[in-house]
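Count the sequence shown with our numbering and you get residues 669 to 1023, in order.
For glycine and all other residues, C-beta sits at the position ideal for the given N, C-alpha and C.
Keep in mind it's a predicted model, so treat the numbers as computed, not measured.
All remarks here apply to the structure that follows.
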Amino acid sequence: MHGTSVDHGLHTGSLRHGGYFPVLMRARGLMRDMWMHFVCLLLVHTQQIMFYFSSNSINKCDFHRLQAGLPKFSVFSMNDQQIAEYARNIRRLVLKMVHAAKSGHPGGPLGLADIYATLFCDSEIYRFNAKKPDWDSRDRLLLSNGHVCAVRYAAMSLAGFFSEKEVLTFRKVGSKFQGHPSTRYIPAMENSSGSLGQGLSAATGIALGKRLQGKNYNVFVCISDGECGEGMTWEAATAAAHHKAPIIAFMDYNGIQIDGFTKDVCNLGDLEKKFESFGWRATTADGHNIPEIRKSLRDAVSRLTLNPDMGPQIILFRTVLGKGVSFMENAPKWHGTPPNDEQFADAMKQLGVAV
669 MHGTSVDHGL
679 HTGSLRHGGY
689 FPVLMRARGL
699 MRDMWMHFVC
709 LLLVHTQQIM
719 FYFSSNSINK
729 CDFHRLQAGL
739 PKFSVFSMND
749 QQIAEYARNI
759 RRLVLKMVHA
769 AKSGHPGGPL
779 GLADIYATLF
789 CDSEIYRFNA
799 KKPDWDSRDR
809 LLLSNGHVCA
819 VRYAAMSLAG
829 FFSEKEVLTF
839 RKVGSKFQGH
849 PSTRYIPAME
859 NSSGSLGQGL
869 SAATGIALGK
879 RLQGKNYNVF
889 VCISDGECGE
899 GMTWEAATAA
909 AHHKAPIIAF
919 MDYNGIQIDG
929 FTKDVCNLGD
939 LEKKFESFGW
949 RATTADGHNI
959 PEIRKSLRDA
969 VSRLTLNPDM
979 GPQIILFRTV
989 LGKGVSFMEN
999 APKWHGTPPN
1009 DEQFADAMKQ
1019 LGVAV
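Next up, the structure:
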């Protein structure tokens, strides 16, 4: 190039034609361009970050709503210890609700608290938006054993769907927080409940419907071991397997129902093997081990993502009725008995709150 070399766009030959001024001007232009490029990238990434934390595709655990002094932080930064604390807050709120109502079912909700805390605080599992409950791409979470709805109300309240003041009207006349949830009052519940055994059928229909509509949300359903004595559960299990319905079911497998231990009322046998024989992918996990709960639910979601036509899955979570309150644990009495004032104070003390 006749003695003129090129280095990063600067012609050193220009030193011979006009001195350093053109070079400095060119360098300044490059610096300006680089700065503008940096600013543009910063703005783009800032928008992406803001979208990430405000879009419909993430959970919103509004920890400023918690009364127990927990710090406010993103659901995405939650570790297992923080989820365990969320579960303790679910248990505290469940007891406050049932005690205030002087009726209800404390045992099941206490046993399910760790599972619901994991669901509501890990967006890789369950996607929702508390500020827009009817978001079309939300995952559907159904509740078949509706009498344990206090755990669902508490988890939703702590996530920002409702205030604590609202849920403390639980089971009161005129309250939308009834002893069995109704979509008439709370559409975000996804299904109404009453007679046990219906949830699996509802989940099957919703899962098949979303496939026909080409939707990409997941369908979860919570069921109980006691309702597996209902014929409708197995009719739904048969249909779900036949149609390869993309369901992720999880069971509150505590071995207790209202009349006593399930083995005494109606021995259900090996439920994992039963579901497998019906064509389901069935696994059993510890319902009080946060890492194990998290892994089992994440694995189920991952399997379904990789193979949408794999068919239904169920996780049988071994739980303890009344978990976290010593005198309630594994005692059938607490399936549907509210604590009196003295028992309530003792239970709250065990959960780290003075009453």
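* What are the boundary residues of the beta strand (DSSP E) that R1091 is part of? -> Residue 1091 is absent from the model: the chain starts at 669 and stops at 1023.
* Asked: Taking Cβ positions, are G775 and M1016 nearer each other than 8 Å?
  -> Going by C-beta atoms, G775 is not nearer than 8 Å to M1016.
* Beta-carbon spacing of I924, L864 below 8 Å -> The Cβ atoms of I924 and L864 do not sit closer than 8 Å to each other.
* Do the stretch 905-917 and the stretch 764-775 touch if we need at least three Cβ pairs shorter than 8 Å? -> No, the stretch 905-917 is not in contact with the stretch 764-775.
* So what does M919 bridge to, in DSSP terms? -> DSSP lists I891, L984 as the bridge partner or partners of M919.
* For I854, the three-state DSSP class (helix, strand or coil) -> Coil at I854, not helix or strand.
* **N- and C-terminal bounds of the alpha helix (DSSP H) containing D954** => For D954, there is no enclosing alpha helix (DSSP H); the enclosing beta strand (DSSP E) has its first and last residue at 949-954.
* Asked: Which class does Q925 belong to by DSSP, given the choice of helix, strand or coil?
  -> For Q925, the secondary structure class from DSSP, reduced to helix, strand or coil, is strand.
* Return the first residue and the last residue of the beta strand (DSSP E) that L989 is part of. => Looking at the DSSP string, L989 is not in any beta strand (DSSP E), and its letter there is neither H nor E.
* **Where the alpha helix (DSSP H) through R820 begins and ends** => Its alpha helix (DSSP H) spans residues 817-826.
* In whole angstroms, what separates the C-alpha of K800 from that of I758? -> So the two alpha carbons sit approximately 22 Å from each other.
* Which first and last residues belong to the beta strand (DSSP E) in which R808 is found? -> Per DSSP, R808 belongs to the beta strand (DSSP E) from 808-811.
* Under 8 Å, do I982 and F918 count as touching if we go by C-beta distance? -> For the 8 Å CB-CB criterion, I982 and F918 form a contact.
* Length-filtered (4 minimum) alpha helix (DSSP H) runs lying within the stretch 756-789 -> Entirely contained in the stretch 756-789, the alpha helix (DSSP H) runs reaching 4 residues are, in chain order, 775-788.
* To do: Note down the Cα distance separating V889 from V816, rounded to an integer number of angstroms.
  => For V889 and V816, the distance between alpha carbons rounds to 13 Å.
* Alpha carbon to alpha carbon, what distance is there between K844 and R986? -> One C-alpha to the other measures close to 31 Å.
* Cutoff 8 Å: N922 Cβ touching any chain E Cβ -> The structure shown contains no chain E; it holds only a single protein chain.
* Measuring CA to CA, which of K912, I916, S771 is closest to I793? -> If we check each option's Cα against that of I793, I916 comes out closest.
* To the nearest angstrom, how far is it from the Cα of H637 to the Cα of I926? -> The chain is shown only over 669 to 1023; residue 637 falls outside these bounds and no answer can be derived.
* To do: Look at the alpha carbon of R962 and the alpha carbon of E753, and state the distance between them as a whole number of angstroms.
  => In a straight line, the C-alpha of R962 is about 15 Å away from that of E753.
* **Integer-rounded CB distance, given that T930 should sit under 8 Å from D967** => About 27 Å separates the two Cβ atoms, so there is no contact after all.
* Counting pairs of beta carbons, one from the stretch 830-841 and one from the stretch 806-814, are three or more of them closer than 8 Å? -> The count of Cβ pairs closer than 8 Å, one atom from the stretch 830-841 and one from the stretch 806-814, stays below three, leaving the stretches out of contact.
* To do: Confirm, please, whether the CB-CB distance from H848 to L876 is below 8 Å.
  => Not closer than 8 Å, so no.
* Using beta-carbon positions only, say whether P855 and P914 come within less than 8 Å of one another. => Not in contact: P855 and P914 (Cβ atoms no closer than 8 Å).
* Starting from the Cα of G928, find the closest Cα among N884, I891, P1000, E1010 and give me that residue. => Of N884, I891, P1000, E1010, the smallest CA-CA separation from G928 is found for P1000.
* Which residue comes first and which comes last in the alpha helix (DSSP H) that contains V835? -> Here the alpha helix (DSSP H) through V835 covers 832-835.
* Contacts around G1013, its chain only, beta-carbon distance under 6 Å, and the 5 residues preceding and following it disregarded -> At residue 1013 the sequence reads Ala, which differs from the Gly that was named. Excluding residues within five positions, the ones whose Cβ falls inside 6 Å are V1023.
* Asked: By Cβ distance, which residues of its chain are closer than 7 Å to L936, with the 5 residues on each side in sequence left out?
  -> Counting only Cβ-Cβ distances below 7 Å, and skipping sequence neighbours, we find D893, C896, G897, T930.
* Would you report the Cα separation of D954 and A769, rounded to the nearest angstrom? -> Roughly 31 Å between the two C-alpha positions.
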